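**Student:** Take this structure first; my questions come after.
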Amino acid sequence: MTYSEALTQAFDTIRHTIPKMGTDRPAIGRSDLTYERCHDKHWVDGFWSGQLWLAYAETQDPVFFEAARAQRPYFIARLDRPETHDHDLGFLYTLTLVADHVLTGDEEACRGALRAADALAGRYNPRGRFIPAWNWQSDSDPNRGRIIIDCMENLNLLFWAAAQTGQTCYRDIAVAHAHTTIDTIVRADASTYHSFVCDPDTGEPLYGQTVQGFADDSCWSRGQAWGIHGFTMAYRYAGNERFRLTAIRLADYALARLPDDGVPYWDFLLTDDAPRYRDSSAGAIMAAGLFLLADTLNDEAKAAHYRASARAILDGLIAGYTTFDHPQAEGLLTQGASHVAHGYCDNMLPYGDYFFIEALLRAQGRTAFFW
Ligand code: GLY
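Going by the numbering used here, the sequence shown runs without a break in its numbering and finishes at 363.
Below is the structure:
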């Protein structure tokens, strides 16, 4: 199957899921390839809209536009529910209101996305120079000082806000957070911790810890993939060579540890007795990130290597992990590992689906996205 045929299949799946999804959003796949719907404060809420906006940008089919716009009231209303806000405001609003503004110029979408950027910037801890990930219940909760690798992707909302308003404070926060992530989460061998806890009052780095990976000292593959894509985006926005070098180091570490079909296991450092689930979402994010990284390089041989590696991952996903033979499927990729320790290990995932489409579009040479 060509990438163009895979995209057509993917858009057909989205088209037939639209009436079933209505104004709901997919959370996690069931074994019958339908999706559980999101509760009203889920971090994955925006990935369905992201797929709809990408499908609309590519096809101009109004069915995608109308479905994406039908999601908008939820995201506008959520701006007034700060108890549902955390570092994932970037994922939530880049793929919804920023996407809407980028494609349509809509001013209400722009105002909403800037409110989200303000809320994200408001979380910044200037002593530690980081944006804490999740929320906390008490002053002694480690989440007050917790950074996670995933947050690299949320910085895109701040970079967008800086470009939109001309106010450098958004960008300064994003750049500072990216440096702190390198200083704490990225290890000397270019593997990554999932999370790192700093003293929230002094900024002192304390300890690395996993939440969704195999072990504190292992390397969660989706985290590594967030880092490849996220540091490349930070380089593209900020032009800081340290960010690009970090993306390259993370990419080389991951590529040396992929199985034959190119689709990563859920962690790169599994012991022999550990469960060996694949994570198709990590593969999709990594493929998109490798195409993106290749586009930043002047070294043509290295760029060609990353593009070939991204295509190998995509080929593996298309050959072994798509739902295309199942007309009832509401998603695109099987075998995503959301959180293995909690038993979520073999599911369709909306972020896997979103990045599969982004990677397929990048494989076709598209460079215009919402981040
Ligand atoms: N950002 C959470 C995850 O990747 O599961």
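A virtual CB, placed ideally from N, CA and C, is assigned to each residue, including glycine.
Nothing here was measured: the structure is a model prediction, and the numbers come from that model.
Could you tell me which whole beta strand (DSSP E) segments of length 3 or greater appear in the region 5 to 51?
**Tutor:** Correct list: 18 to 21, 27 to 29.
**Student:** Identify, in the order they occur along the chain, each residue of the same chain with its Cβ nearer than 7 Å to the Cβ of N127, setting aside the five sequence neighbours on each side.
**Tutor:** Excluding positions up to five away in sequence, the list reads D78, N135.
**Student:** So the candidates are Y48, D32, D307, V36; which of them puts its Cα closest to the Cα of A69?
**Tutor:** Measuring from the Cα of A69, the nearest candidate turns out to be D32.
**Student:** Output the residue ranges of the alpha helix (DSSP H) runs that lie fully inside the region 161 to 238 and measure 4 residues or longer, sorted by chain position.
**Tutor:** Segments of the alpha helix (DSSP H) lying fully in the region 161 to 238: 213 to 230.
**Student:** With DSSP as the reference, please indicate the residues paired to G402 in a beta bridge.
**Tutor:** In the structure as shown, the chain begins at -7 and stops at 363. Residue 402 is therefore absent and cannot be evaluated.
**Student:** Would the C-beta of D142 count as close to the ligand GLY, meaning under 7 Å from any of its heavy atoms?
**Tutor:** Yes, Cβ of D142 sits closer than 7 Å to a heavy atom of the ligand GLY.
**Student:** Excluding five sequence neighbours on each side, which residues of the same chain lie with their C-beta closer than 8 Å to the C-beta of R119?
**Tutor:** Answer for R119: P192, D193, T194, G195, listed in chain order.
**Student:** Can you grab the Cα-Cα spacing for the pair A155 / L112, in whole Å?
**Tutor:** Their Cα atoms are separated by approximately 16 Å.
**Student:** Over what stretch of residues does the beta strand (DSSP E) that includes I139 continue unbroken?
**Tutor:** Taken as a continuous stretch (DSSP letters only), the beta strand (DSSP E) holding I139 covers 138 to 140.
**Student:** Below 7 Å, is the gap between the Cβ of Q216 and the nearest heavy atom of the ligand GLY?
**Tutor:** Outside the cutoff, so no.
**Student:** Could you tell me whether the region 14 to 31 touches the region 346 to 353, where touching means 3 or more Cβ pairs closer than 8 Å?
**Tutor:** The region 14 to 31 vs the region 346 to 353: no contact.
**Student:** Are three or more beta carbon pairs between the region 277 to 291 and the region 299 to 310 nearer than 8 Å?
**Tutor:** They touch, by the three-pair rule.
**Student:** Where A286 and L242 are concerned, what is the direct C-alpha to C-alpha distance, given to the nearest angstrom?
**Tutor:** Roughly 14 Å separates the two Cα atoms.
**Student:** Are there any heavy atoms of the ligand GLY lying less than 7 Å away from the beta-carbon of Q204, as far as the coordinates show?
**Tutor:** Correct: Q204 has its Cβ closer than 7 Å to the ligand GLY.
**Student:** Please name the residue in Y298, F67, Y199 whose C-alpha comes closest to that of H221.
**Tutor:** Nearest option by C-alpha distance: Y298.
**Student:** Looking at the strands, I want to know which residues DSSP matches up with Y298.
**Tutor:** Y298 is not bridged to any residue.
**Student:** Rounded to whole angstroms, what's the CA-CA distance from Y162 to R107? Just pull it up for me.
**Tutor:** For Y162 and R107, the distance between alpha carbons rounds to 12 Å.
**Student:** Would you report the Cα separation of D131 and P74, rounded to the nearest angstrom?
**Tutor:** Spanning the two alpha carbons is a distance of roughly 19 Å.
**Student:** Please find out if some non-hydrogen atom of the ligand GLY comes closer than 7 Å to the beta-carbon of W126.
**Tutor:** Result no, Cβ not under 7 Å from the ligand GLY.
**Student:** Work out the CA separation of T96 and A166 for me, nearest whole Å.
**Tutor:** Cα to Cα, the separation comes out at about 26 Å.
**Student:** Quick check on this structure: which residue in G254, A109, A351, Q201 has the alpha carbon closest to the alpha carbon of L150?
**Tutor:** The candidate whose alpha carbon is nearest that of L150 is A109.
**Student:** So what does DSSP say about R303, is it helix, strand or coil?
**Tutor:** Helix at R303.
**Student:** Starting from G281, trace the alpha helix (DSSP H) in both directions and tell me its first and last residue.
**Tutor:** 272 to 287 is the extent of the alpha helix (DSSP H) around G281.
**Student:** Below 7 Å CB to CB, which residues in the same chain sit around F361 once its five sequence neighbours on both sides are set aside?
**Tutor:** Only E350 meet the Cβ criterion.
**Student:** Got a sec? Which residues, its chain only, sit under 8 Å from R268 by beta carbon, not counting five neighbours each side?
**Tutor:** Result list for R268: Y257, L262, in chain order.
**Student:** Look at the alpha carbon of T176 and the alpha carbon of Y85, and state the distance between them as a whole number of angstroms.
**Tutor:** The alpha-carbon atoms of T176 and Y85 are separated by roughly 27 Å.
**Student:** With a threshold of 16 other CB atoms inside 10 Å of the CB of P18, please say whether the residue is buried or exposed.
**Tutor:** Looking at its Cβ environment, which holds 16 or more other Cβ atoms inside 10 Å, P18 is buried.
**Student:** Please classify N146: does DSSP put it in a helix, a strand, or coil?
**Tutor:** Note: N146 maps to helix in three-state DSSP.
**Student:** The ligand GLY and W45: does the residue's C-beta get closer than 7 Å to at least one heavy atom of that ligand?
**Tutor:** Checking every heavy atom of the ligand GLY against the Cβ of W45, none is found closer than 7 Å.
**Student:** For the alpha helix (DSSP H) holding D318, just list the boundary residues, first then last.
**Tutor:** For the record, residue 318 in the displayed sequence is His; it is not Asp. Taken as a continuous stretch (DSSP letters only), H318 belongs to no alpha helix (DSSP H), as it is neither H nor E.
**Student:** Taking T0 and A62 to be in contact with their CB atoms under 8 Å, please state how far apart those CB atoms are, rounded to whole angstroms.
**Tutor:** Not really, about 23 Å apart at Cβ, beyond 8 Å.
**Student:** Nearest by alpha-carbon distance to A217: which of E50, A300, G42, I141 is it?
**Tutor:** Closest by alpha carbon: I141.
**Student:** The ligand GLY and W363: does any heavy atom of the ligand fall closer than 7 Å to the residue's C-beta?
**Tutor:** Checking the Cβ of W363 against the ligand GLY gives no.
**Student:** Would you decide whether G231 is buried or exposed? Buried here means 16 or more other CB atoms lie within 10 Å of its CB.
**Tutor:** Burial call: exposed.
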